[in-house]
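Notes follow once the structure below has been shown.
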Amino acid sequence: MLDTRITRRTALKTAGAGLALPALAAPAFGRRAAAQEATTVRFASWLGAAEGLVQLWNDSHDEITVTFEEIPFDNYADKLLIDMASGTAPDAFHWPSPWWLPMMRRGVFQPINELITRDGIDLAKFVFPPTRLAEFEGSLYGLPYALPTTRILIYNKRLFREAGVEEPTEEWTWDDLAAAAETLHDPPNVYAMPFPPHQLNLESMILSNGGGIVSEDGTQCLLDAPEAVEAIEVAIGWYRDLGVTMEPGQEDALGDEPFASDKLAMAFISIPGWQSWQRYTREGQIEAGVVMFPVSPETKVRRTSAEAHMIAIANTSENVDAAWEFIKWSQTSDEAMTYWIDFYPVNYDLDRYLQAVPEGPQREVTSLRRKYMDTMEVQYWGPNTTEAQRFFRAEFDLAMLGEKPVAEAMAAACEEIDGLLAGG
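Counting in the numbering used here, the sequence shown runs from 215 upward without gaps.
See the structure below:
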């Protein structure tokens, strides 16, 4: 199971992200719309597939109409936080994992304990328990809409075979990755891997090497510790020293799904559902395999930074009952689970819905998140995730460009992040 030291902290700071966010409201049971009245619920997500789910609801429910608002992921959390501060937030929404922990502690979501008890929702049917990440000080604030995910390694079997390189294994270390990349990289025909690695990959490298992001008590940035600096130096070295990656941004020339170009030997992707796997492999035309991201050769310990996105209700919503009816249906109903299983491994009663997935590659891909779930950890970046990660990425880029040594860059990042932690 996920590391409860990460997901159940007792001493984290709880301030908001520099916005005048509303305080935690008392449960709004007295101001809900009556069941017989026509009610409109606004629902937001960055997932385009959620629009189809909303349509399914509207096709079969007359008493509540749900409208869908799609917001790009890059500015999703910031936009909703501003909307919450101004009182214009949607009633219900998917909430991205990196911003969940600090905002749950800030109290911007509606507690749902009474609703779950009232409607007899069996939390034991969730493969990833909602209490593992969505409970704070005895209150439950949301439900994880799917199993946790992280960034794994997808590889092109044909390109490995033609280069005479053995396929990756779950035991691969960073050294194995680099050695394979040196043989595979032959631009412009074949690119060994993109650069830079995804944020989750960098975090996983730091964790695997014995480092961390923020101290357990939430008061100190750890990115300037030797274990973190060494991990980042390795990642940057693939680009600057070994020259076995694409140039930053170069993968855009390979199309919306660079791996689908058949020119990228390895890529770092979120654990896919079947629809995204089909995109990566051009409907199976590319012979591909997946393994977990490699581990530190020093520790050989697998600790994987992960995301566990939530679905929640704004504590400012005037339609709590109606929003809950949609959320409950979207998380537990046969209709919704049958829809979602084609995109993501559903969190609720997964084994039952896997029976509807064809055996073979589709079922295997759909089961990957559960297969890898035990190694995943959700990281806390402090009370202002956006700013903390922005400081880190800015200093990482300077080190990548050779304008600062990694140790100096991470010290500068920590100085800024420590300020956020102290201010929170």
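All C-beta atoms, glycine included, are put in the ideal place defined by N, C-alpha and C. Keep in mind it's a predicted model, so treat the numbers as computed, not measured.
Does the distance from the CB of residue i to the CB of residue j come in under 8 Å?
i              : j              : result
serine 531     : leucine 421    : no
asparagine 561 : tyrosine 369   : no
methionine 524 : tryptophan 309 : yes
valine 505     : leucine 582    : no
valine 458     : alanine 522    : no
methionine 614 : proline 410    : yes
histidine 412  : arginine 365   : yes
arginine 584   : leucine 361    : yes
proline 508    : aspartate 400  : no
glutamine 489  : aspartate 548  : no
methionine 480 : leucine 367    : yes
tyrosine 553   : leucine 295    : no
proline 597    : proline 312    : no
threonine 281  : glycine 424    : no
glycine 356    : alanine 526    : yes
leucine 568    : glutamine 434  : no
alanine 392    : leucine 456    : yes
Rounded to a whole number of angstroms, what is the C-alpha to C-alpha distance between residue i and residue j?
i                 : j              : result
proline 286       : alanine 263    : 13 Å
glutamine 545     : tyrosine 453   : 42 Å
proline 382       : leucine 347    : 32 Å
valine 579        : glycine 487    : 6 Å
glutamate 283     : valine 428     : 33 Å
asparagine 272    : aspartate 336  : 25 Å
threonine 331     : glutamine 324  : 15 Å
aspartate 288     : threonine 600  : 10 Å
alanine 474       : glycine 637    : 45 Å
phenylalanine 307 : glutamate 396  : 44 Å
arginine 375      : tyrosine 494   : 19 Å
leucine 238       : alanine 445    : Unreliable positioning characterises leucine 238 in this predicted model, as indicated by a pLDDT of 36, which lies under 50. A coordinate reading is not provided.
glycine 633       : arginine 604   : 14 Å
tyrosine 558      : threonine 363  : 10 Å
valine 322        : asparagine 529 : 6 Å
asparagine 415    : alanine 570    : 32 Å
leucine 468       : valine 534     : 45 Å
tryptophan 595    : tyrosine 290   : 17 Å
glutamate 629     : aspartate 438  : 9 Å
isoleucine 631    : glycine 432    : 11 Å
glutamate 384     : alanine 602    : 31 Å
tryptophan 386    : histidine 275  : 50 Å
glycine 334       : glutamine 492  : 37 Å
glutamate 501     : arginine 516   : 26 Å
glutamate 497     : glycine 451    : 34 Å
alanine 377       : proline 472    : 20 Å
In terms of residues, what are the limits of the beta strand (DSSP E) holding residue i?
i                 : result
valine 505        : 502-505
arginine 256      : 253-259
leucine 367       : 365-370
phenylalanine 307 : 306-309
serine 519        : 518-520
methionine 524    : 524-527
threonine 495     : First-last for threonine 495: undefined, no H or E at that position.
phenylalanine 280 : The displayed chain sequence assigns valine, not phenylalanine, to residue 280. Per DSSP, valine 280 belongs to the beta strand (DSSP E) from 278-284.
May I ask which residues mark the beginning and end of the alpha helix (DSSP H) holding residue i?
i              : result
methionine 551 : 548-554
alanine 481    : No alpha helix (DSSP H) contains alanine 481, which is instead part of the beta strand (DSSP E) from 480-484.
threonine 600  : 599-614
isoleucine 631 : 620-637
methionine 590 : Run containing methionine 590: none in the alpha helix (DSSP H); it sits in the beta strand (DSSP E), 590-592.
glutamate 573  : Run containing glutamate 573: none; DSSP gives neither H nor E here.
threonine 397  : 388-398
valine 268     : 264-274
glutamine 413  : 413-422
lysine 514     : Careful: lysine 514 lies outside any alpha helix (DSSP H) and carries neither H nor E.
asparagine 160 : This structure cannot speak to residue 160, because the chain is shown only from 215 to 638.
aspartate 297  : 290-300
tyrosine 562   : Run containing tyrosine 562: none; DSSP gives neither H nor E here.
Please go through the same chain and pick out, in chain order, the residues whose beta-carbon is closer than 7 Å to the beta-carbon of residue i, but skip the five residues on each side of it.
i                 : result
arginine 245      : Any reading at arginine 245 must be qualified, since the residue scores a pLDDT of 38, below 50, and its modelled position is unreliable; the value itself is stated next. Hits under 7 Å: Glu532.
isoleucine 278    : Thr253, Val255, Ala536, Glu539, Phe540
phenylalanine 350 : Met318, Arg319
tryptophan 543    : Trp271, Ala550
tryptophan 388    : Val448, Pro508, Ser510, Pro511
Excluding the 5 residues flanking residue i on each side, which residues of the same chain have their C-beta closer than 6 Å to its C-beta?
i              : result
glycine 426    : Leu436
isoleucine 483 : Ile368
aspartate 563  : Lys339
Ordered along the chain, which non-local residues of its own chain (more than five positions away) have a Cβ less than 8 Å from that of residue i?
i           : result
leucine 354 : Pro325, Ile326, Asn327, Ile330, Pro344, Thr345, Ala348
proline 619 : Ala613
glycine 616 : Arg454
*At least three beta-carbon pairs within less than 8 Å, the segment 617-632 to the segment 589-609*: With a cut-off of 8 Å, the segment 589-609 and the segment 617-632 count as touching, because enough Cβ pairs lie within range.
_Contact between the segment 297-317 and the segment 255-274 (3+ Cβ pairs under 8 Å)_ = Output reads yes: the segment 255-274 touches the segment 297-317.
*So, do the segment 385-405 and the segment 455-474 have three or more beta carbon pairs nearer to each other than 8 Å?*
As far as the Cβ criterion goes, the segment 385-405 touches the segment 455-474, which means the pair count is three or higher.
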